[in-house]
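**Student:**
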Amino acid sequence: MTLQLRMGRVKWFDNNKGYGLIVASGIEQEVYVNKKAIANTKNKALTEGQDVEFSVIRTAAGLEAADVIGF
């Protein structure tokens with residue numbers, strides 16, 4: 001497991017289901033994000049087009065976001 005801090009933008013996020021995708025420059029693959037990875041404890045939601053800072057975890061299933069902070 002490798003952590004890399006990145007900046008990106010929310011491609012889409014389904015607030016009802018609690019997951020979505022982030023795109024970031026320098027990463028060809030979209031990054032999966034789950035509401036559990038959002039660092040803000042009050043609001044576990046993201047909006048399309050929102051800028052975010054996050055760590056990237058490389059898993060067997062692909063890239064996953066952790067410690068997501070929305071701006």
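When we follow UniProt numbering, the leftmost residue of the sequence shown carries the number 1, and every step to the right adds one. Using N, Cα and C, we set each Cβ at its ideal position, and we do this for glycine too.
Using DSSP with H/G/I as helix, E/B as strand and the rest coil, what is A24?
**Tutor:** Residue state, collapsed to three classes: coil.
**Student:** Whose C-alpha, out of D67, E53, L63, F71, is nearest the C-alpha of I27?
**Tutor:** Checking every option, the nearest Cα to that of I27 belongs to L63.
**Student:** Taking the alpha-carbon of W29 as reference, which of Y19, G18, R58, N43 has the nearest alpha-carbon?
**Tutor:** According to the sequence shown, residue 29 is Gln rather than Trp. Taking only the C-alpha atoms, the option nearest Q29 is R58.
**Student:** Only counting the same chain, and skipping five residues up and downstream in sequence, which positions put a Cβ closer than 8 Å to that of Q4?
**Tutor:** Cβ within range, chain order: S55, V56.
**Student:** Just curious, the beta strand (DSSP E) that F54 is in, first and last residue?
**Tutor:** Start and end: 51-59.
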